[in-house]
Amino acid sequence: MNRIGVFGANGRMGLALLEAVTKNEHSVLTGAYVRENSPLINLAVNQLNSAADADVQFSKETDVKETDVLIDFTLPAGMRNHLKTAVEKNIAMVIGTTGLTHDDLEALNDAAKHIPIVFARNYSVGVNLLLNLVQTAAVKFGDDMDIEIFEAHHRHKIDAPSGTALAIGEAIAEAKGWQHDDVARFDRSHDEQAKSQNEIGYSVMRGGDIVGEHTAYFATSGERLELTHKASSRMTFALGAVRAAGWLKNKPAGLYDMQDVLDLK
Numbered sequence: 001m002n003r004i005g006v007f008g009a010n011g012r013m014g015l016a017l018l019e020a021v022t023k024n025e026h027s028v029l030t031g032a033y034v035r036e037n038s039p040l041i042n043l044a045v046n047q048l049n050s051a052a053d054a055d056v057q058f059s060k061e062t063d064v065k066e067t068d069v070l071i072d073f074t075l076p077a078g079m080r081n082h083l084k085t086a087v088e089k090n091i092a093m094v095i096g097t098t099g100l101t102h103d104d105l106e107a108l109n110d111a112a113k114h115i116p117i118v119f120a121r122n123y124s125v126g127v128n129l130l131l132n133l134v135q136t137a138a139v140k141f142g143d144d145m146d147i148e149i150f151e152a153h154h155r156h157k158i159d160a161p162s163g164t165a166l167a168i169g170e171a172i173a174e175a176k177g178w179q180h181d182d183v184a185r186f187d188r189s190h191d192e193q194a195k196s197q198n199e200i201g202y203s204v205m206r207g208g209d210i211v212g213e214h215t216a217y218f219a220t221s222g223e224r225l226e227l228t229h230k231a232s233s234r235m236t237f238a239l240g241a242v243r244a245a246g247w248l249k250n251k252p253a254g255l256y257d258m259q260d261v262l263d264l265k
């Protein structure tokens with residue numbers, strides 16, 4: 001049985017993760033961690049999510065114990081602290097935090113020298129299949145096309161473009177032999193010439209309760225291919241993260257991604 005602890009357990013994604021762990025027959029929830037000053041400490045987790053394990057209470061994020069894998073979908077500042085805890089206690093991690101800086105990614109790489117980590121910007125099976133499909137399209141269409149990526153999320157999502165949108169763009173750039181940061185375009189408001197076909201444009205929508213929508217457009221003269229993924233529930237990502245946690249148990253130290261988990265490489 002895989003013993004799993006969840007950081008940020010009282011957030012929207014955290015509550016979904018508590019439920020997903022409880023539903024998984026190969027996992028047991030051993031920790032639901034919240035900030036030290038949270039009024040939820042010592043409250044049973046099923047008081048916020050009736051489908052979660054009734055025997056587990058919210059506890060301080062510094063009280064990690066009896067855990068094989070920690071799952072973290074919190075904000076970057078929290079993730080950095082949680083990563084240090086995992087390394088100190090020699091516990092594997094599944095990380096879905098987005099909006100990470102270059103320094104954050106360096107910290108992930110350093111931590112992965114000591115513990116096994118799965119880091120992915122999106123844990124749905126569909127999105128990870130999409131990453132393969134966009135690479136195929138990028139190669140087969142050749143150079144005579146325009147590439148654009150659109151993403152939409154709920155109004156509370158802070159980072160933009162989303163981590164998933166960037167992952168799609170990076171997959172396309174890799175297939176084209178481009179350096180992503182050289183070809184990514186996030187703003188054309190001051191452009192005075194037509195777009196180049198050697199670039200990847202991004203556009204973003206924030207509104208309502210959209211869980212997540214991503215579309216990669218490949219437009220050529222006379223036709224357009226649109227590859228789209230739409231998520232209707234956070235449980236999609238939560239179940240994927242729990243699947244990654246099961247795969248990660250007993251793995252050697254290293255940095256893995258969802259493509260490894262799904263054997264898509």
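Residues in the sequence shown are numbered consecutively from 1, following UniProt numbering. We put the beta carbon where it would ideally sit given N, CA and C, even for glycine. Please read these numbers as outputs of a predicted model, since none were measured by experiment.
Query, Result
"From what residue to what residue does the beta strand (DSSP E) around Arg234 run?", "Careful: Arg234 lies outside any beta strand (DSSP E) and carries neither H nor E."
"Using beta-carbon positions only, say whether Ala211 and Ala238 come within less than 8 Å of one another.", "Before going on, a small fix: residue 211 reads as Val here, not Ala. Result no, Cβ atoms of Val211 and Ala238 do not sit closer than 8 Å."
"At 4 residues or longer, what runs of the alpha helix (DSSP H) sit wholly inside the UniProt domain \"Dihydrodipicolinate reductase C-terminal\" (126-262)?", "163-176, 180-183, 235-248, 258-261"
"Is any non-hydrogen atom of the ligand GTP found closer than 7 Å to the C-beta of Asp263, if you look at the structure I gave you?", "Although the ligand GTP was asked about, the structure shown includes no ligands whatsoever."
"Can you list, in chain order, the residues of its chain with a C-beta nearer than 7 Å to that of Arg80? Leave out the 5 residues immediately preceding and following it.", "Asp104, Ala107"
"Give the DSSP-derived three-state secondary structure of Pro116 in the structure shown.", "strand"
"Within 8 Å (strictly less), CB to CB, does Ile115 reach chain D?", "Here chain D cannot be found, since the structure has a single protein chain."
"Would you kindly work out how many angstroms separate the C-alpha atoms of Ala245 and Ala219, rounded to a whole number?", "38 Å"
"Determine the direct distance from the alpha carbon of His156 to that of residue 309, and round the result to whole angstroms.", "Nothing in the structure corresponds to residue 309, since the chain is present only between 1 and 265."
"Would you call the segment 69-85 in contact with the segment 13-24, where contact means no fewer than 3 C-beta pairs closer than 8 Å?", "yes"
"Can Val139 and Ala175 be called in contact, C-beta distance under 8 Å?", "yes"
"How many whole angstroms separate the CB atoms of Leu18 and Asn49, which I take to be in contact at a CB cut-off of 8 Å?", "6 Å"
"Hey, His154 and Gly222: beta-carbon distance below 8 Å or not?", "no"
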